[in-house]
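Accompanying notes for the structure given below.
Residue numbers (my numbering), protein chains in the order written: chain A, 667 to 824; chain B, 10 to 727.
Take a look at the structure:
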């Protein structure tokens, strides 16, 4: 049994210690927003936050996630930067097929939490690990800048 | 539109099932879809696309699938425009398989591909909306005992203009359902459009920012197992034996399924299935393709290119002009096998019982998937249910239903529901690839350096002969020659030939633009060669030959002007141009600006694309599709290509299947032409027009003419 703290809630899962967090989320907990793309940390579709740091859940054993605070796409909207990123994504109509966008949003939210006004180079460095076959990159770049400019509108945001 | 109203646009099934109780939701959804088609007595369902409930809910059935291209917004816009409802008032449902109700008129079956959705449904869906609105207005007029001309419909409400009385569509549903469906209805004058032509917000995206959108891979059923597969690494190969002792010892592995051409590991979760697969010791009989390398394929194509093909277009006497010419150019162009690498790996979920087969998957061809499952199981079509899902990328890959066939064969050996998911490695190595094409080009320039003869011989397999046999006529693959047969340049002698040469060592199929993507690279590169031989500016050279095509000239002018064509560039940079016209009916011109490092790495700095796709439904979607196509096209042009060694695909994952990343993406500008011409396709043209623009820019920057893709392989090997 492994204890995981995900989006503020504790979960106990029957997983071997070496099971990647991705499959614990998807197949054991039914949290399907985090996507399988490559299984080798090459595409970023499975990106989650571990204590706010973006990590590839497809290669991260659950044993390494235990004791840390995990945030997934289902919970990132409760963070200030995550909510701004989601709204900017909709405002600029970033998304096409959407399959990679959970990972893109998680990467972007982590970037903004760390660097409130990222440069193009910051964006390149933070998101070059996230592949989008629909080629939404120009809009992702603009949406990150928009999210950075736009102050939080909801009172809930910290 | 406000955020709340967009959030309301959930699928009705999702709204009923809610959040993450996916098992319950999926259990419920087949009944929802069955109700969709039949309707109930109090619902108003004048056709297969619209159902208005007594409670006022407007449900629209989506037969053209959503794989990123925006159909789940553009199709509702067409209906809503004429139905007189707001996009914030509609609910969407994935349509069930039914060719009679939902066939795409361009293909004759329920199919999303070929950049056809708006072209095929621009009028039928408006007519569907207008029919329903006409009947609702008639029902209101009857209720009030007034003339229909005195009634007006707006946002789901009919108003009697003289008295101000109103009745909602929901209140009118029962009455309208009893009226005869009119044979003819008037469609709006385009000048009265309120939705069509406006940048409407997409209806599918709110569920895609928070993880709630359900793709095929997200299906969960009670008691479901997960399977992953190793199919024969060589096409036509067979399973000889498998030692599964180590795999069976892995916790969570439940069963090893043997197929004649593959092995599947069935497990409680994907992690166990993947580990199990890696632990198998499999012996294959490679069959007849086990020694084939890429060079063998090219050799076969080159040999086939020596013989004349079927004549596709013949004007003047190009062969005679070439035979007599003193100033002749000849070139051979080659483009490689390409994998699709959709972000969502191939997957399909099946629940099979003796008298019923249920399938959940994201497919571009739902009725073909249904028929395939019926054939394997021996069940009649009406016992095979297919529930489409959002597609995590299509690009033509999901026009094939090999995953459905395989998943049903696996399900035949498994108790209870099973979700089959391919690893990325399986996905790359068992794709249905864009064919390898080999083209011979020749042209004659006269004393004034004008082209007077043009010859293209296209050599490659016929996808159409396999996929749409009825459309394969007179030995011509209409897709393989698309974009070549319609050459717009005014040249007195033109011959286009097609040589069918199959490449059975790999399965080949559609890949974003297919024939046009290949032909545009070849044609627009060769035109550039002619311009260089004529010592003329490539854009001016083209313009002089396009005088009979004002729409092509217009996009060329827009793209060159916006790109700063002719203005000085920093040292080492070059601009290249490409013009596209094909069966899609859209005219594009693109200018790419690149630089090339000493090591042969290409950087695409900027791309300007002018698009005339006639009537535009959702301008932001058109722009997004062109941007998307350009990025997809650059990936293919610079790096794309799978290779064969001993019949096996050598690449396996994103470390050796290189695709564009954000730090490599150019600035992209899209300029739309506004007119009332018939709608043209937009999903694929952005990809098709790009390789030549980039390659011509490489020529401008370096003086190197690349005739074989991918570009960087050639630049590095020099």
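Idealized CB from N, CA, C, for every residue including glycine.
According to the DSSP assignment, residue 582 of chain B belongs to the beta strand (DSSP E) that extends over 582-590. Among the CB atoms of chain A, one or more fall inside 9 Å of the CB of residue 78 of chain B. Against chain A, the beta carbon of residue 439 of chain B has no neighbour under 8 Å; the closest one sits roughly 16 Å away. By the rule that beta-carbons nearer than 9 Å mark a contact, residue 404 of chain B touches chain A.
Counting C-beta pairs with one atom in each stretch, the stretch 228-237 of chain B and the stretch 277-287 of chain B have three or more that are closer than 8 Å, which means they touch. For residue 460 of chain B, the enclosing beta strand (DSSP E) begins and ends at 460-469. Sequence-ordered contacts of the stretch 78-109 of chain B with chain A read 78 and 79 [C-beta pairs closer than 8 Å]. Going by C-alpha positions, residue 142 of chain B is about 38 Å away from residue 699 of chain A. Only those residues of the stretch 713-738 of chain A whose C-beta falls short of 8 Å from the nearest C-beta of chain B are listed: 738. For residue 232 of chain B, no CB of chain A lies under 9 Å from its own CB, so it is not counted at the interface with that chain. With contacts defined as CB atoms closer than 9 Å, residue 366 of chain B and residue 383 of chain B qualify as a contacting pair. Interface with chain B (9 Å Cβ-Cβ cutoff): residue 743 of chain A is included.
When beta bridges are read from the DSSP output, residue 292 of chain B appears opposite B:250. Linking residue 429 of chain B to residue 482 of chain B through their CA atoms gives a straight-line distance of about 37 Å. Take residue 140 of chain B, set aside five residues on each side of it, and the residues of its chain with a beta-carbon closer than 8 Å to its own are 55, 56, 190, 191 and 194, in chain order. The continuous stretches of alpha helix (DSSP H) do not include residue 94 of chain B, and DSSP gives it neither H nor E. Between residue 633 of chain B and chain A, the shortest Cβ-Cβ separation is below 9 Å. Against residue 354 of chain B, the close residues of chain A are 702 and 703, in the order they occur along the chain (beta-carbon pairs closer than 8 Å).
Of B:348, B:400, B:154 and B:688, the smallest CA-CA separation from residue 642 of chain B is found for B:348. Within the stretch 599-683 of chain B, complete beta strand (DSSP E) segments of at least 3 residues are found at 611-621 and 676-681, given in chain order. Taking a Cβ-Cβ cut-off of 8 Å, the neighbours of residue 220 of chain B in chain A comprise 697, 698, 699, 700, 738, 739, 740 and 768, given in sequence order. The three-state reading of DSSP puts residue 178 of chain B in helix, counting H, G and I together.
Residue 765 of chain A sits in coil when the DSSP states are folded into three classes, being neither helix nor strand. In this structure the stretch 597-615 of chain B lies against the stretch 693-706 of chain B, because at least three pairs of beta carbons, one per stretch, are closer than 8 Å.
Residue 636 of chain B reaches chain A at 801 and 804, counting residues in chain order whose Cβ is nearer than 7 Å.
Between residue 96 of chain B and residue 85 of chain B, the CB-CB gap stays under 9 Å.
According to the DSSP secondary-structure assignment, residue 211 of chain B is paired through a beta bridge with no residue. At a Cβ-Cβ threshold of 9 Å, residue 443 of chain B and residue 530 of chain B do not count as neighbours. Listed by position along chain B, the residues whose Cβ is nearer than 7 Å to that of residue 685 of chain A are 280. Neighbours of residue 71 of chain B in chain A, taken as residues at a C-beta separation under 7 Å, are lacking, since the least C-beta distance is about 15 Å. In this structure the stretch 314-326 of chain B lies against the stretch 463-475 of chain B, because at least three pairs of beta carbons, one per stretch, are closer than 8 Å. Positions of the alpha helix (DSSP H) runs, each at least 4 residues long and wholly inside the stretch 441-528 of chain B, are given as 472-476 in order along the chain. In the same chain as residue 623 of chain B, and ignoring 5 residues on each side of it, the C-beta atoms closer than 8 Å to its own belong to 594, 595, 684, 685, 686, 687, 688 and 689, in chain order.
Secondary structure at residue 205 of chain B: coil, using DSSP grouped into helix, strand and coil. By the rule that beta-carbons nearer than 9 Å mark a contact, residue 399 of chain B touches chain A.
As the crow flies, the alpha-carbon of residue 748 of chain A is around 10 Å from that of residue 219 of chain B.
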